Amino acid sequence: MDLLFSRYRALAYRVAYRLLGQEADALDAVQEGFINALKNIQRFQGRSTFKTWLLRVVSNAALDLGRKRSRREAYGCESLGSLGAEDEPAMPGREPSFGMEQQDLRRQLDLALATLPEAQRQTLVLHLEGELSYREIAELLQISIGTVMSRLFYARQRLKCVLTPCVES
Numbered sequence: 057m058d059l060l061f062s063r064y065r066a067l068a069y070r071v072a073y074r075l076l077g078q079e080a081d082a083l084d085a086v087q088e089g090f091i092n093a094l095k096n097i098q099r100f101q102g103r104s105t106f107k108t109w110l111l112r113v114v115s116n117a118a119l120d121l122g123r124k125r126s127r128r129e130a131y132g133c134e135s136l137g138s139l140g141a142e143d144e145p146a147m148p149g150r151e152p153s154f155g156m157e158q159q160d161l162r163r164q165l166d167l168a169l170a171t172l173p174e175a176q177r178q179t180l181v182l183h184l185e186g187e188l189s190y191r192e193i194a195e196l197l198q199i200s201i202g203t204v205m206s207r208l209f210y211a212r213q214r215l216k217c218v219l220t221p222c223v224e225s
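Just so you know, we're using the working numbering here: the sequence shown kicks off at 57 and counts up by one.
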């Protein structure tokens with residue numbers, strides 16, 4: 057069991073980080089997701105791969121944490137600044153920053169991801185960071201492959217509109 061979790065820890069972290077945009081929140085979501093997975097391991101029925109199932113659990117934990125964070129911010133209980141280069145994850149195995157330009161581009165990407173509706177962001181992150189196929193995402197989220205394709209299309213369109221001015225400058 058430990059081998060499976062250690063194998064997917066970095067991947068789960070990348071998915072959670074892209075969904076939440078904050079290192080501390082992503083680490084919390086991965087921890088909560090792994091705890092939930094251990095508690096509910098009997099629910100894993102083998103209809104999908106363990107990786108797919110685990111990423112769903114972690115993804116749900118990340119989205120739940122994001123919703124809680126949004127409620128806290130709405131009530132003024134916690135003030136979180138916008139994403140910055142200092143928020144870059146320090147997770148072992150992550151690619152190092154290659155200068156200020158790359159950090160700025162990463163920050164712009166994180167901010168752009170945050171503008172996506174939750175369903176589109178989750179689908180895009182699972183596809184790009186989680187390296188899941190359309191079929192795996194459809195099974196994971198219990199939606200049709202057509203819906204996966206639609207969410208990815210609209211997410212990419214929105215990111216293109218948001219990021220084009222950043223790339224041109």
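Yeah, the Cβ is synthetic: ideal placement off N, Cα and C, and Gly gets one too. Please read all numbers here as calculations on a predicted model, not as lab measurements.
- Within its own chain, the residues whose Cβ lies closer than 7 angstroms to the Cβ of Ala68, once the five positions on either side in sequence are excluded, are Val86, Gly89, Leu110, Leu111, Val114, listed in chain order.
- Our two residues, Asn96 and Asp58, have alpha carbons roughly 15 angstroms apart in a direct line.
- Judged by DSSP secondary structure, Gln176 falls within the alpha helix (DSSP H) whose first and last residues are 174–184.
- Comparing alpha carbon positions, the residue from His183, Arg103, Glu157, Lys107 closest to Leu60 is Lys107.
- Annotated three-state conformation of Ser200 is coil, per DSSP.
- At the C-beta level, Leu75 and Val181 come within 9 angstroms of one another.
- Boundaries of the alpha helix (DSSP H) harbouring Gly89: 79–95, taken from the DSSP string.
- By the Cβ-count criterion, Ala72 is buried, with 16 or more other Cβ atoms from all chains shown falling within 10 Å of its own Cβ.
- In this structure, Ala168 is the residue among Glu79, Ala168, Ala80 with its C-alpha nearest to the C-alpha of Lys216.
- Under a 10 Å Cβ-count criterion, Gln78 is classified as buried, with 16 or more other Cβ atoms of the shown protein chains found around its own Cβ.
- Residue burial annotation: Glu187 is exposed, with fewer than 16 other C-beta atoms found within 10 angstroms of its C-beta.
- Judged by beta-carbon spacing, His183 lies within the 9 angstroms limit of Leu208, meaning their Cβ atoms are closer than that value.
- Non-local beta-carbon contacts of Glu192 in its own chain, meaning distances under 7 angstroms to residues more than five positions away in sequence, involve Ser104, Thr108 in chain order.
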